[in-house]
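Using my numbering, you'd call the opening residue of the sequence shown number 21 and step up by one each time. Since the structure comes first, as structure tokens, the remarks are kept for the end.
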Amino acid sequence: MNQQSQGLSIAFLFIWLFISCSEKIHEAKDQTPETSVTMGSPESNFGEPYLYTSTKGVTYLSWIEKTGGKSELKYATWVDDSWSDPITIATGENWFVNWADYPQISTFENGNLIAFFLEKSGEGPFAYDIKVTLSENGTDWSDPFTLHDDGTETEHGFVSFAAWGDQMFVAWLDGRGTGGGSHENTNHDHHGHQGAMTLRGALISEKGIKTEEWELDNRVCDCCQTTAVVTENGPVVVYRDRSEAEIRDMGIVRFENGNWTTPLPLYSDFWKVAGCPVNGPRAASLGNSIAVTWYSAANEKPEVKVVFSNDGGKSFGKPIKIDLGKTIGRLDLEMLDDNTALITWMEEEEILARKVHASGKTEAVISIAKSSSKRASGFPQMTKNGNAILFAWTDAQGDQSVIKTKKLIMD
Numbered sequence: 021m022n023q024q025s026q027g028l029s030i031a032f033l034f035i036w037l038f039i040s041c042s043e044k045i046h047e048a049k050d051q052t053p054e055t056s057v058t059m060g061s062p063e064s065n066f067g068e069p070y071l072y073t074s075t076k077g078v079t080y081l082s083w084i085e086k087t088g089g090k091s092e093l094k095y096a097t098w099v100d101d102s103w104s105d106p107i108t109i110a111t112g113e114n115w116f117v118n119w120a121d122y123p124q125i126s127t128f129e130n131g132n133l134i135a136f137f138l139e140k141s142g143e144g145p146f147a148y149d150i151k152v153t154l155s156e157n158g159t160d161w162s163d164p165f166t167l168h169d170d171g172t173e174t175e176h177g178f179v180s181f182a183a184w185g186d187q188m189f190v191a192w193l194d195g196r197g198t199g200g201g202s203h204e205n206t207n208h209d210h211h212g213h214q215g216a217m218t219l220r221g222a223l224i225s226e227k228g229i230k231t232e233e234w235e236l237d238n239r240v241c242d243c244c245q246t247t248a249v250v251t252e253n254g255p256v257v258v259y260r261d262r263s264e265a266e267i268r269d270m271g272i273v274r275f276e277n278g279n280w281t282t283p284l285p286l287y288s289d290f291w292k293v294a295g296c297p298v299n300g301p302r303a304a305s306l307g308n309s310i311a312v313t314w315y316s317a318a319n320e321k322p323e324v325k326v327v328f329s330n331d332g333g334k335s336f337g338k339p340i341k342i343d344l345g346k347t348i349g350r351l352d353l354e355m356l357d358d359n360t361a362l363i364t365w366m367e368e369e370e371i372l373a374r375k376v377h378a379s380g381k382t383e384a385v386i387s388i389a390k391s392s393s394k395r396a397s398g399f400p401q402m403t404k405n406g407n408a409i410l411f412a413w414t415d416a417q418g419d420q421s422v423i424k425t426k427k428l429i430m431d
């Protein structure tokens with residue numbers, strides 16, 4: 021696409037905050053000095069942030085910038101404690117922009133970039149396709165292609181990327197069997213379908229060729245994010261499943277010995293809910309160690325839990341509850357070592373973080389920032405950068421939505 025932003029047109033509020041992971045929640049509320057600068061055009065709204073750090077240690081932040089009817093997917097990299105000038109990945113006027121189904125950027129093992137966004141495919145409000153674009157140099161992006169080839173005007177989204185060898189594993193929710201993208205006759209206020217949403221996976225080469233595709237589960241929850249990691253055996257996907265009795269607990273599938281395993285429960289909360297809660301899991305891996313966090317509200321009791329595996333997802337330890345009792349979910353997770361993870365979640369209108377150990381030990385809760393429970397505030401993001409953790413979230417409390425970032429130094 022040969023599109024690089026001219027000048028610094030990024031409407032972000034950048035905050036550098038250094039706090040200790042050992043502080044208690046009431047001691048971590050913005051007591052350190054902050055440096056903040058607002059940049060960009062007041063005519064634009066910014067949202068849908070996503071943070072990612074490559075195996076080479078490069079941290080990327082992608083987001084959508086909306087001006088009138090035009091949407092632009094942009095990204096920047098974290099260099100010398102600041103964000104680079106933004107680069108445009110793609111631009112369009114018929115995109116599906118959604119607070120929970122946000123675009124992402126990732127890298128192949130050789131450093132080539134891949135990104136996706138969502139484009140409307142029909143008149144139905146939830147008829148949209150997954151568009152994928154690639155770049156060898158980070159500046160020039162290929163013409164977008166459609167990830168799936170069913171040709172139906174239905175919902176396709178909630179994508180996860182995970183580099184696997186010299187290819188990219190991609191997981192997504194696929195609505196080709198749902199009967200359309202209008203979402204008529206549904207009692208859920210966000211997503212709903214006449215037929216079942218499915219979970220699919222595929223492999224994409226560095227040249228943008230889809231070399232494999234699979235249906236991984238033929239009935240899953242409609243609109244919760246998927247999460248994918250790669251272990252020594254291959255990809256592992258965790259997602260919100262959906263039974264015929266409307267139990268919507270976490271499901272897991274693994275690639276092992278050349279085949280995908282039968283979908284199994286990650287853990288049985290027995291959460292029965294008629295509509296999609298729009299709250300997906302997050303996972304991370306180091307070798308064959310995996311940590312997974314998820315939200316559940318079984319028995320009308322909202323909780324955030326974490327489990328660890330040291331055998332590539334074949335088995336998991338006992339769930340560890342980490343929330344403070346008033347969580348709304350919206351999770352992220354980073355593994356700090358084989359037996360330790362940092363989890364972020366929202367508790368009412370505050371973004372919190374907590375270090376958790378596979379032994380069951382939980383450390384002090386850290387306050388990252390005040391936020392909003394409104395959908396416009398989206399899903400806070402987190403990534404590890406050296407000995408630091410970077411956070412990003414949408415601040416939609418003013419007339420103009422902006423993206424804020426914060427840095428936390430780990431002990």
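Note that the Cβ used here is the ideal one computed from N, Cα and C, for glycine as well. Only a predicted model underlies this, so the values are computations on that prediction, with no experimental measurement involved.
Per-residue DSSP class, three states only, for residue i
| i | result |
| --- | --- |
| Y318 | Per the sequence presented here, residue 318 reads as Ala, with Tyr not at that position. Note: A318 maps to helix in three-state DSSP. |
| E47 | Low local confidence applies: a pLDDT of 38 at E47 is under 50, so the model's placement there is unreliable, with the coordinate-based value given in what follows. In this structure, E47 counts as helix in the three-state DSSP scheme. |
| L167 | coil |
| V57 | Residue confidence is low: V57 scores 32 on pLDDT, short of 50, so the model does not pin down where it sits. No coordinate-derived value is stated. |
| N279 | strand |
| T432 | It is not possible to answer for residue 432, since the shown part of the chain is limited to 21 through 431. |
| M430 | coil |
| W115 | strand |
| V324 | strand |
| Y287 | strand |
| I340 | strand |
| G332 | coil |
| A110 | strand |
| T159 | coil |
| K76 | coil |
Start-to-end residues for the beta strand (DSSP E) that takes in residue i
| i | result |
| --- | --- |
| W192 | Q187 to D194 |
| V240 | K230 to V240 |
| Y259 | P255 to R260 |
| K140 | L133 to K140 |
| I224 | M217 to I224 |
| D149 | Y148 to S155 |
| G177 | H176 to W184 |
| R268 | Where R268 is concerned, there is no enclosing beta strand (DSSP E), given that its DSSP letter is neither H nor E. |
| Q124 | Q124 to T127 |
| E92 | K90 to V99 |
| A294 | Counting along the chain, A294 falls outside any beta strand (DSSP E), and DSSP gives it neither H nor E. |
| S64 | Looking at the DSSP string, S64 is not in any beta strand (DSSP E), and its letter there is neither H nor E. |
| A248 | T247 to V250 |
In DSSP terms, what residue i is bridged to
| i | result |
| --- | --- |
| T382 | V376 |
| L71 | L81 |
| E354 | L362 |
| G433 | Any question about residue 433 goes unanswered here, given that the chain covers just 21 to 431. |
| S102 | V99 |
| T313 | R302 and V326 |
| K86 | N65 and S91 |
Contact belief for residue i with residue j at Cβ below 8 Å, rounded distance in angstroms
| i | j | result |
| --- | --- | --- |
| T251 | V258 | With 8 Å as the limit, T251 and V258 do not qualify as a contact, their Cβ atoms being about 12 Å apart. |
| F290 | A318 | 6 Å |
| G349 | Y315 | 3 Å |
| A311 | A304 | 6 Å |
| G221 | F189 | 7 Å |
| D237 | V273 | 6 Å |
| N130 | E235 | That belief does not hold up - the Cβ atoms of N130 and E235 are roughly 29 Å apart, past 8 Å. |
| A96 | S104 | 5 Å |
| L9 | M430 | Residue numbering for the chain in the displayed model covers 21 to 431; residue 9 lies beyond these limits and cannot be assessed. |
| C435 | R268 | Residue numbering for the chain in the displayed model covers 21 to 431; residue 435 lies beyond these limits and cannot be assessed. |
| K394 | A412 | At roughly 17 Å, the Cβ-Cβ gap does not stay under 8 Å, so K394 and A412 are not in contact. |
Minimum Cβ-Cβ distance from residue i to chain D less than 8 Å
| i | result |
| --- | --- |
| L428 | Among the chains in the structure shown there is no chain D, since it carries only a single protein chain. |
task = Quick one: which unbroken beta strand (DSSP E) runs of 3-plus residues sit fully inside the segment 385-425? Chain order, please.
result = 401-405 and 408-415
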